[in-house]
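The structure under discussion appears below in the form of structure tokens.
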Amino acid sequence: DQQVKQNSPSLSVQEGRISILNCDYTNSMFDYFLWYKKYPAEGPTFLISISSIKDKNEDGRFTVFLNKSAKHLSLHIVPSQPGDSAVYFCAASGISGSRLTFGEGTQLTVNP
Amino acid sequence: DAGVIQSPRHEVTEMGQEVTLRCKPISGHNSLFWYRQTMMRGLELLIYFNNNVPIDDSGMPEDRFSAKMPNASFSTLKIQPSEPRDSAVYFCASSLQGLSSYEQYFGPGTRLTVT
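Written out as structure tokens, the structure reads:
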């Protein structure tokens, strides 16, 4: 039972354009959501997060949107840069705050 | 400022051998997590500790896997005996629970190959 799903295994965009990565979840008990970025041969690194009491959170070029009614979140990267090329994982946590459930990841490639 | 440290970075072993993976969490963090990443199952939580106590080990695949955290600065994940299907990248992560955010900080991983 995959509670967090990233349906696009890969995404390719041009440098300077917007990258939109999507994530869906099924567990209504999730109340905190995170995005991680992973380069090859490295561990995932935290990128941005959002609490369920918000519908948007921005940090520089990165914005996460949360639609609770649709159980959907997205990560927008504007403008995209070649250094953003990596695998992006979304993750969700319940009220316990400890356990993260990860999606399968989306490989983003930003072409110069 | 040292992050999460894992050793070894790569391990190649033969089926049936014992494998021990090691992790040093970020100083001051009170929670530690062991994950396994495979192509088939993605990133899955194996076990996590809070204040050195195992809280949830429901992700541990079978009795061949065991994890310990003897103190706040060290944890091990042991596989005995190892099997080829255990080949994966194993990540350790730590966090400071009790704050409003649930961010976990990952180590670089150990790539395990069992032949």
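Note that the protein sequences, when read in sequence, are chains A and B.
For our numbering, count along the first sequence from 1 and bump the result up by 179.
For our numbering, count along the second sequence from 1 and bump the result up by 21.
C-beta: ideal position from N, C-alpha, C; glycine also.
All values derive from a computational prediction rather than experimental measurement.
- Taken atom to atom, the span from the alpha-carbon of I68 of chain B to that of Q118 of chain B is near 16 Å.
- Non-local C-beta neighbours of S228 of chain A in its own chain, meaning closer than 6 Å and more than five positions away in sequence, comprise L213, ordered along the chain.
- In this structure, the CA atom of N206 of chain A is about 16 Å from the CA atom of I232 of chain A.
- Put simply, the segment 40-47 of chain B touches the segment 102-113 of chain B. At least three CB pairs are less than 8 Å apart.
- Around Y211 of chain A, the beta-carbon contacts reaching into chain B at under 7 Å are Y123.
- DSSP, reduced to helix, strand and coil, places R57 of chain B within a strand of the structure shown.
- Excluding five sequence positions before and after V192 of chain A, the CB atoms of its chain that fall closer than 8 Å to its own CB belong to S198, S259, L287, T288, V289, N290, given in chain order.
- Under the Cβ criterion of 8 Å, L66 of chain B is counted among the residues facing chain A.
- Taking a contact to require three or more Cβ pairs closer than 8 Å, the segment 51-70 of chain B and the segment 79-99 of chain B qualify as touching.
- For E283 of chain A, at least one C-beta of chain B is nearer than 8 Å to its own C-beta.
- The C-beta separation of L133 of chain B from M90 of chain B comes to about 20 Å, leaving the pair out of contact by the 8 Å criterion.
- Distances from the alpha-carbon of N92 of chain B to those of B:V74, B:A23, B:I100 put B:V74 closest.
- Among the residues of the segment 224-242 of chain A, those with a Cβ less than 9 Å away from any Cβ of chain B are T224, F225, S228, S230, in the order of the chain.
- One Cα belongs to S277 of chain A, the other to E194 of chain A, and the distance between them is close to 36 Å.
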